[in-house]
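My numbering puts the first residue of the sequence shown at 253, with every later residue one more than the last.
All C-beta atoms in this analysis are idealised placements derived from N, C-alpha and C, irrespective of residue type, glycine included.
Here's the structure we're looking at; comments come further down.
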Amino acid sequence: MVKVAEQEVIQAENCFDEDPSVQHQICLSERRARLIQTQANEDSFWRQKARIRWLADGDKNSKFFHATVAERRSKSVIHRIKSSGGDWLCSEEDIGREAVSFFQGLFSDQSGTNNFHGLDVIPKVVTERDNEELERFPSLEEVKEVVFSMDADSAEDVFAAVCRFFGGAELPKSITATSIVLVPKVSSPQDFSQFRPISLCSFVNKIISKLLARRLAKLLPGIISPNQSGFVQGRQMADNFLLAQELISGIQRPCRGGNVVLKLDMAKAYDRVSWPFLMQVLRRFGFGERWIDMIWRLVSNVWFSVIINGSPKGFFKSTRGLRQGDPISPALFVVGAEVLSRSLNALLGLRAFVPFKVPRGCPPITHLAYADDVIIFCSGLKASLQVILRTLDAYCSISGQQVNYHKSCFLVDRKLPLARKRAIARVTGFQERSFPIKYLGCPLYVGRAKLYFFSELCNLVSRRVLSWSGRLLSSGGKLVLIKSVLSSIPIHIMAASMVPKGVVRQLEQIFSSFLWGNSDFGPRFHWIKWAALTKPVEEGGAGLRSLQSIFDAFSLKLWWSFRCNTSLWASFMHAKYLSDRLPCQADVVRGQSGIWRRLVGVKSLADSHVRWVLGNGAVDFWHENWMGSGPLCDKVEIFGTHSVANFVDQGRWNISMLRHWLPPAIVSSILGISPPVSQRPDEMVWDLTESGVFSIASAYQLVRQPAIRSAFSAAIWHTLLPSKVSFFMLRLVAARLPVLETLRRFAVHGPSRCSCCEAPAEETLDHIFCNGDLPKRVWNSFTSGVGGRSCVSTVRHALAHLWRARDLRVFEGKGISSHLIHLRVVGELRDILSSHFPCLAGHRLSWEELIGLASRCRRASTVRWVKWRTSPILLPKLNVDGCSRGNPGTSGGGGILRDTAGCFVFAFSCFSGDVTSLHSELRAMLYGVKLCVQRGIIPIHVESDSLLLVRMVRGELRVPWFLRREFEELIAFRHHLHAVTHCFREVNRVADRLSNVGADSGSDRVYETLALLPLLVRGDCQMDAWGMPIVRRV
């Protein structure tokens, strides 16, 4: 369809070129519109088939999507497979029968055991209140939230089905029927054991499953051991790798039998989970019978078909296993795997077990796990290994799990005697492996990080690039691909491992080569260096990310995680390197690991942005940054060991004690800070974010080298423009286009005649885009009919088309008329404007009509009448508002209290200092509430036009860290606030005018009578009393 439409457009263009009449212009416009619609439909179809969501609009990517789908299909097609008897099967019927036989056997429980004696390690930790929350009927809003969080390519009315399930109904086959898609685990799989079965659950099934998974996720941090980091909120995969790397860095420590690392491979871990075992584990934890029944009905009533080369084969019922692709499966798996975690941790109480040697004061670590990826740490003594194997055998016998002894391995120090290594291999049945070894996607190694440790990462990126055909993508498409796909591949490793700078340079070289592409003669010239492209668009770059800066940002995150001390890794590092010292006193130590060097390297920079919001004042007075200007130990020569609370006496600063230890200037600064009187603990915050929570985005901006920002550079990358046009403009502005004028700077010489003009002229950028015959005609066509008016988008599109015309003339010998360039630019602008101004859609407009109509277009707006009303709950209403001139800037607040009849009680205006608008809103509300409480006018109804503040008071949004002290004061009056509601700004005009009065006056004032109010405020107040409506435009 697209090829036919393209041919029709070419024919219409040729006709218009020969005879630029109105009739031919209309015909060309119609055929171009038909081509655009056909391309959009094809793009949408192949985008969905390719499952790609990261390419930007504006480029026609159907060919790329088609190639991606073709590649996926070629990988998923099974041409032949080896049967269980070792024979090769080639026909689709034989392959289908073998698949059904294999997976039916895999999902069938053959143990039949009812002996669950190994579950004594599971304590009862789930409370009755937890069970009530798990088992309650879901609300429509909760189901809606789950539905909206899922893929938009599916849709179904599910609320009734969810309610029936919670009511005890069995799910019908139409819902539980599941198709298995086989994903190869190796490049050339030979049998079905080398495929990963991914379940395609029905939409309703996923909704129910995700609803239960969300509820269960809230309890997992309290019942799952810290050794397990998989699928538990607040725990990260990187923490397990970091701790494993830290332990292995000391594998050479002297220990009886030597230190040993056992890396387990669990065969088909999800597919072998025993359902009765899982239900018993849930009971031991204290889950209610109704919840267990819902889990049983969800996992046990499953029917499978296997997709072989696009066709479903078989239809059988499973009797064990958790579906990979079911939202609740990961959570249920780690619940079952908790039996192994607690069993291994219980070995520390046995005399026969000798743990892995760790530094003095550090907690012993028996194992680490991420779902089914388990790594065990122990000594090489026979008794230790045997007790571990007995624990594994007991766990496997009741859970259905199976250790793959052929793929499992052990690792030891290279200096361990050969006899000991052989004894370990004989006892365990595992093979010995040497470092480095891959764990959780990262290389585990001993000693310093070397380049070849990360060769697999570089090869992965290279293979990904080679799997795409760069010629199917424009430069804009490649940019988006680098941002969304290639740059994300090394993120996981950078978050945890010590990546050498040489690896970073090699990866960025691959990115750059992909962007600039290759020709028949080799790699193309890289016209702009990579460092310039990694600048933000506002600074003249392309908005790509520097991998080195990303690595440095993750280093800051590691320090933040270390200081938070909420993970097993952080606790171990505190015990190993700090002992009784504070994190801010950390320093280089003898025998440190590479991870510790990485942490200490960013300590100073990170701690300069770590602050403390005082609560009970337990934070260290001298070494922590609780004042906001740095730790006090850097400002004085003599200091002690005190907490902030030690300098507080009966809720006030102990001035005499402060003066004893500190100079007058610092004492004065401290007296300007509210003393800690709260019972809540002090809170550590990251001062580069409003929430106080660390973010990689803020850290990245901190570590990168900023440049001068330019509005012109930002305009190049306007959101309405296709990325390829923006990238072309970036090259044009930087004079990085291959004209002879530019090539001379690289010692390239050749003929300099312009190919687009009849008269010989030197090919320069000015000539191609401004002074040549073709550009003059193009610019005249845009300016002659509209009195010289144009727009920036027109210029950018026209410049891009002029460059394409030059390339066609130089490389293909084809010419394009100025009329055709004009029409193409107008067509592209019409498409852009139509998406934002629907009134233009479907119109075949000339340039003059388009500019004239677009200049009159306005976004649709509605008008409604609003007015101030008394409180509907018959309480005095306090209206408050704040303003900030600059945000932050000179700020003020104001408010007015009126009784149940709408009569004036009092009003106020206050000066808020140099703060943000939200801060001034909060201070105004706090000021007004305090006045009401002092006068005994309680309870009250508070109204504000700041939706953010209202939602914070209601507990719906997180309060910025710099507002928390004042916000706590406001919340202390919560029992006096019967209602806190939002109103439109037009309704809140009295408080708005008073806030401006406060900002102008620079002082606070309370107005006891209506006559004392400023004239304009008095008039607005009277209009509210009369019930006069105000126009609000939306």
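Item, Value
"Gln931 to Lys520 span [Cα, whole Å]", "50 Å"
"Asp1166 - partner residues in DSSP beta bridges", "Thr1142"
"Beta-carbon contacts of Gln442 that lie in its chain and below 8 Å, excluding the five residues immediately before and after", "Ile333 and Lys334"
"Cys630, DSSP secondary structure in three states", "strand"
"DSSP three-state assignment for Ile1189, whether helix, strand or coil", "coil"
"Delimiting residues of the alpha helix (DSSP H) encompassing Glu345", "Glu344 to Leu358"
"Same chain, Cβ closer than 6 Å to Cys1235, neighbours up to 5 away in sequence not counted", "Glu1195 and Asp1197"
"Span of the alpha helix (DSSP H), counted from its first residue to its last, around Ile475", "Leu472 to Ile475"
"Cut-off 6 Å between Cβ atoms - residues of its own chain near Cys279, not counting five sequence neighbours on either side", "Ala264"
"Range covered by the alpha helix (DSSP H) that runs through Glu498", "Met489 to Ile500"
"Whole-angstrom distance between Cys1022 and Lys1028, CA atom to CA atom", "6 Å"
"Alpha carbon of Asn868 to alpha carbon of Gln362, nearest angstrom", "58 Å"
"C-alpha gap between Cys614 and Leu499, whole angstroms", "11 Å"
"Backbone CA spacing between Ser765 and Leu799 [nearest angstrom]", "16 Å"
"Given 8 Å, three or more beta-carbon pairs between the region 1226-1234 and the region 1115-1134", "yes"
"Collapsed DSSP secondary structure at Gly1147 in the structure displayed", "strand"
"Per-residue DSSP class, three states only, for Ser860", "coil"
"Three-pair Cβ contact test at 8 Å for the region 1130-1149 versus the region 1166-1174", "yes"
"Residues of its chain near Ser581, where Cβ-Cβ distance is below 7 Å and the 5 sequence neighbours each way are ignored", "Tyr522, Leu574 and Arg575"
"Contact between the region 584-604 and the region 645-654 (3+ Cβ pairs under 8 Å)", "yes"
"8 Å Cβ shell around Leu644 - same chain, five flanking residues per side excluded", "Leu516, Leu592 and Val655"
"With 16 other Cβ atoms within 10 Å as the buried cut-off, status of Ala257", "buried"
"Ala701 versus Asn597, Gly774 and Ile847, residue with shortest Cα-Cα distance", "Ile847"
"Backbone secondary structure at Ser1136 - three-state DSSP", "strand"
"The region 458-465 touching the region 666-682, judged by at least three CB pairs closer than 8 Å", "no"
"Nearest neighbour of Leu371, chosen from Arg535, Phe493 and Val900 [CA to CA]", "Arg535"
"Range of the contiguous alpha helix (DSSP H) that encloses Arg1226", "Arg1226 -> no alpha helix (DSSP H), and no H or E assigned at all."
"Cα-Cα separation, Ser943 to Ser860", "17 Å"
"DSSP state of Val1077 mapped onto helix, strand, coil", "helix"
"C-alpha gap between His619 and Phe979, whole angstroms", "50 Å"
"Start and end residues, alpha helix (DSSP H) containing Asn1248", "Arg1241 to Ser1253"
"Nonlocal neighbours in the same chain, by C-beta distance under 6 Å from Cys267, ignoring five residues either side", "His276"
"The alpha helix (DSSP H) enclosing Ile994, as first and last residue numbers", "The residue asked about is misnamed: residue 994 is Thr in this sequence, not Ile. Its alpha helix (DSSP H) spans residues Leu992 to Leu995."
"Span separating the alpha-carbon of Ala351 from that of Arg716", "30 Å"
"Of the listed residues Met746, Leu731, Arg997 and Gly903, nearest to Phe763 (C-alpha basis)", "Leu731"
"Cβ-Cβ distance between His875 and Pro883 below 9 Å", "yes"
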